[in-house]
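A.B. asks: full-length UniProt numbering numbers the first residue of the sequence shown as 1 and each following residue consecutively.
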Amino acid sequence: MTPPKPPARDEAVSLWRYARLFRADILSAQPARLYRAWMAEFRTPFFRSYLINQPDLVRRVLQDRPGDFPKSDRVGEGLRPLLGNAVFLSNGATWRRQRRIIDPAFEGGQLRARFPAMQAAAEACAARLDSRVGEALEIEAETSHAAADVIFRALFSIPIEHSQARAVFDRFRQYQRSQPVLNLAALVPLPRWMPRYFPRAVRRAGHDIRALVRGLVEARLREIRDGVAPDDLATRIMTTPDPDSGQTFEAEEMVDQVAIFFLAGHETSASALAWALYLLATHPDWQEAVAVEVAAAGPPEFAGLSRLGLTRDVFREALRLYPPVPMMVREASQSEVFRNRSLRRGAQVVLSPWHLHRHVRLWQDPDGFDPGRWQSEAGRHSQRAAYIPFSAGPRVCPGAGFAMIEGVVLLAEILRRFHIEAVPGRVPEPVAHLTLRSRNGIWLRLTRREDRSS
Numbered sequence: 001m002t003p004p005k006p007p008a009r010d011e012a013v014s015l016w017r018y019a020r021l022f023r024a025d026i027l028s029a030q031p032a033r034l035y036r037a038w039m040a041e042f043r044t045p046f047f048r049s050y051l052i053n054q055p056d057l058v059r060r061v062l063q064d065r066p067g068d069f070p071k072s073d074r075v076g077e078g079l080r081p082l083l084g085n086a087v088f089l090s091n092g093a094t095w096r097r098q099r100r101i102i103d104p105a106f107e108g109g110q111l112r113a114r115f116p117a118m119q120a121a122a123e124a125c126a127a128r129l130d131s132r133v134g135e136a137l138e139i140e141a142e143t144s145h146a147a148a149d150v151i152f153r154a155l156f157s158i159p160i161e162h163s164q165a166r167a168v169f170d171r172f173r174q175y176q177r178s179q180p181v182l183n184l185a186a187l188v189p190l191p192r193w194m195p196r197y198f199p200r201a202v203r204r205a206g207h208d209i210r211a212l213v214r215g216l217v218e219a220r221l222r223e224i225r226d227g228v229a230p231d232d233l234a235t236r237i238m239t240t241p242d243p244d245s246g247q248t249f250e251a252e253e254m255v256d257q258v259a260i261f262f263l264a265g266h267e268t269s270a271s272a273l274a275w276a277l278y279l280l281a282t283h284p285d286w287q288e289a290v291a292v293e294v295a296a297a298g299p300p301e302f303a304g305l306s307r308l309g310l311t312r313d314v315f316r317e318a319l320r321l322y323p324p325v326p327m328m329v330r331e332a333s334q335s336e337v338f339r340n341r342s343l344r345r346g347a348q349v350v351l352s353p354w355h356l357h358r359h360v361r362l363w364q365d366p367d368g369f370d371p372g373r374w375q376s377e378a379g380r381h382s383q384r385a386a387y388i389p390f391s392a393g394p395r396v397c398p399g400a401g402f403a404m405i406e407g408v409v410l411l412a413e414i415l416r417r418f419h420i421e422a423v424p425g426r427v428p429e430p431v432a433h434l435t436l437r438s439r440n441g442i443w444l445r446l447t448r449r450e451d452r453s454s
């Protein structure tokens, strides 16, 4: 069974039609030729953008010369009320300072320390699912809950049931519903001095979330001063000085970072896990192979993650087919030449993990679900050339390693306990706004493995 994929638009559409398609779904607004093209140019009366799939050009932008291609300000226009100047949106010296402080918290040794929080959240997720065995279940809601639980346990040592954590989670869901997918600044390069308009619901939701996060940050600052703070991600980041200046994050800067950790670490992980479960539900042979591997690996422990190679490859394949952030935008800071085309300073350079991961010239059976590809030479070559679910280069997601472990831990705990089936007649429809989700949810039915064996 070929996993679902959004339809492509007609080759030629008006700007107005494109804007309407884009607002409904970024992916179905794009033409089919992007799955085979090395580069495509899009012209509007206001600016030009260039999507690139050619591996050496992708490397140039993300790895070889990332300073010449900073993040486009337009990407963050609708996110400023929530994220402020978080590391996801910042550029230049500010971004470099933020990464110097944040990166040590996500180094290898620190990931081992976060395993108990991940496993506790995975077991809590499995317990919630156990109470709904046999139901037609919208799994994205459950994976969203689980991913948020991981973030709060790892960041602040509190479960999602904690009143403040639950309040952030609930308010964030309201923010998702009110956040505009496409605002004017995404199409028109407004001058920097011109005021930005955000709908009242967006401003209010962003303000409320930041106020809740600020309460958590200020409470942690007091615990740090009193010497009673737990050794979690928040404490690590808030007590790590910039090696250049010796300064730590101020409280409001930390609010920015917590907001992006929650957005990136919760929204993207929830999406990837939901799609991974759907893919296993529709490919029962692979599902049973994962269940056998998980059972043979023994009790969950950090050292045992090395025995979950297939589980990791399933999650990796879900990230290939359904990258949580399907498009990234950079801006040329100077004139460039790509494939004999001249790009002016200020041109938008679009990198699309969605199209790159399904490119017909770069992958064998690009639309098929095949976790085994990652152990083949062809698959490893494609991974090196055309696999960027977490971006690449200096701006690679600092939580990439965290996310890969989290995905394997959650997937293993669910498959340890449950057999998964897709609900007939409820095929999910991928749509992309800021992140990739299903338009009408992902519907699955779970049964206990112990019940099936008896």
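Ideal Cβ placement from N, Cα and C applies to all residues, glycine included. Bear in mind that the values here come from a model prediction, so they are computed numbers and not experimental data.
Determine, using beta carbons only, whether Y322 and L436 come nearer to each other than 8 Å.
C.D. replies: A contact, by the Cβ cut-off of 8 Å.
A.B. asks: Report the CB separation of R344 from S335 in whole angstroms; it is logged as a contact under 8 Å.
C.D. replies: Contact holds; Cβ gap of about 6 Å.
A.B. asks: Considering only the alpha carbon of each residue, which of A378, E293, L444 and D365 lies closest to R416?
C.D. replies: Ranking A378, E293, L444 and D365 by Cα distance to R416 puts E293 first.
A.B. asks: Between the region 114-134 and the region 80-96, do three or more beta carbon pairs fall short of 8 Å?
C.D. replies: In short, these stretches do not touch, since the Cβ pair count stays below three.
A.B. asks: At 4 residues or longer, and completely inside the region 246-318: list those alpha helix (DSSP H) runs for me, N to C.
C.D. replies: DSSP runs (the alpha helix (DSSP H)) wholly in the region 246-318: 251-262, 268-281 and 284-297.
A.B. asks: What does a CB cutoff of less than 6 Å around Q287 pick up in its chain, not counting 5 residues either side in sequence?
C.D. replies: The residues are L280.
A.B. asks: Buried or exposed: Q364, going by 16 or more other Cβ atoms within 10 Å of its Cβ?
C.D. replies: So Q364 ends up on the exposed side.
A.B. asks: For R449, which residues of its own chain have a beta-carbon under 8 Å away from its beta-carbon, when the five flanking residues on both sides are left out?
C.D. replies: So the qualifying residues of the chain are A291, R416, R417, F418 and H419.
A.B. asks: What are the start and end residues of the alpha helix (DSSP H) that includes W443?
C.D. replies: Here W443 belongs to no alpha helix (DSSP H); instead the beta strand (DSSP E) covers W443 to R448.
A.B. asks: Quick test of the definition: if touching needs 3 or more C-beta pairs under 8 Å, does the region 157-172 touch the region 205-221?
C.D. replies: Enough Cβ pairs lie closer than 8 Å, so yes.
A.B. asks: Checking the sheet assignment: what are the DSSP bridge partners for P230?
C.D. replies: Partner(s): none; P230 has no beta bridge.
A.B. asks: In whole angstroms, what separates the C-alpha of T239 from that of T248?
C.D. replies: Answer to the nearest angstrom: the Cα atoms are 6 Å apart.
A.B. asks: Please state whether the Cβ-Cβ distance between V360 and Y50 is less than 8 Å.
C.D. replies: Their beta carbons are not under 8 Å apart, which means V360 does not touch Y50 by this criterion.
A.B. asks: Could you check which residue in V325, T282, G368 and S376 has the C-alpha nearest to that of S352?
C.D. replies: Nearest option by C-alpha distance: V325.
A.B. asks: Does the region 57-73 come close enough to the region 222-232 to have 3 or more Cβ pairs within less than 8 Å?
C.D. replies: In short, these stretches do not touch, since the Cβ pair count stays below three.
A.B. asks: The beta strand (DSSP E) spanning H419 covers which residue range?
C.D. replies: Unbroken beta strand (DSSP E) run through H419: F418 to A422.
A.B. asks: Would you say A126 and E413 are within 8 Å of each other, going by their C-beta atoms?
C.D. replies: Yes, they are a contact pair.
A.B. asks: Once you ignore the five residues that flank A121 on each side, which residues in its own chain have a CB closer than 7 Å to its CB?
C.D. replies: If we look at A121 and ignore the five residues flanking it on each side, its Cβ neighbours are A146, D149, V150 and R153.
A.B. asks: Hey, L155 and L233 are a contact pair by Cβ (cut 8 Å); roughly how many whole angstroms apart?
C.D. replies: So it is a contact: roughly 5 Å between Cβ atoms.
A.B. asks: How do the region 87-98 and the region 217-224 stand: do at least 3 beta-carbon pairs fall below 8 Å, yes or no?
C.D. replies: Touching, no.
A.B. asks: Just to confirm my understanding: we take Y18, look at its own chain, exclude 5 residues before and 5 after, and list those with CB closer than 7 Å. What are they?
C.D. replies: The residues are A29.
A.B. asks: Contact defined as beta carbons within less than 8 Å: I believe P430 pairs with K5. What is the distance between those atoms, to the nearest angstrom?
C.D. replies: Rounded, the Cβ-Cβ distance is 7 Å, consistent with contact.
A.B. asks: Kindly indicate which residue of A12, Q63, I52 and S438 has the alpha-carbon position closest to the one of E267.
C.D. replies: Taking only the C-alpha atoms, the option nearest E267 is S438.
A.B. asks: I need the straight-line Cα distance from Q257 to D68, nearest angstrom please.
C.D. replies: Those two C-alpha atoms are separated by around 24 Å.
A.B. asks: Classify W16: buried if its beta carbon has 16 or more other beta carbons within 10 angstroms, exposed otherwise.
C.D. replies: Exposed, by the Cβ-count rule.
A.B. asks: DSSP three-state label for P31, please.
C.D. replies: Strand, per DSSP.
A.B. asks: Roughly how many whole angstroms lie between the Cα atoms of I224 and L111?
C.D. replies: If you take the alpha carbons of I224 and L111, they lie about 21 Å apart.
A.B. asks: For G265, collect the residues of the same chain with a Cβ closer than 6 Å to its Cβ; drop the 5 residues on either side in sequence, then sort them by chain order.
C.D. replies: Once the five neighbours on either side are set aside, the close Cβ partners of G265 are I151 and G399.
A.B. asks: For I388 versus E138, is the C-beta distance shorter than 8 Å?
C.D. replies: Contact: no.
A.B. asks: Which residue wins for smallest C-alpha separation from L319, given the options A296, V329 and S271?
C.D. replies: If we check each option's Cα against that of L319, S271 comes out closest.
A.B. asks: Do D208 and I101 have their CB atoms nearer than 8 Å?
C.D. replies: Not closer than 8 Å, so no.
A.B. asks: Report all residues from its chain with a CB closer than 6 Å to the CB of R373; omit the five preceding and five following residues, and keep chain order.
C.D. replies: Only G379 meet the Cβ criterion.
A.B. asks: Taking the beta strand (DSSP E) that P430 belongs to, which residues open and close that run?
C.D. replies: From DSSP, the beta strand (DSSP E) with P430 extends over P430 to A432.
A.B. asks: To which residues does DSSP link R43 through a beta bridge?
C.D. replies: Answer by DSSP bridge pairing, in chain order: R48.
A.B. asks: For D103, which residues from the same chain have a beta carbon less than 8 Å from its beta carbon, with the 5 sequence-adjacent residues on both sides left out?
C.D. replies: The answer, listed in chain order, is P398.
A.B. asks: Have a look at D285 and A295 and give me their C-alpha separation to the nearest angstrom.
C.D. replies: D285 and A295: Cα-Cα distance of roughly 16 Å.
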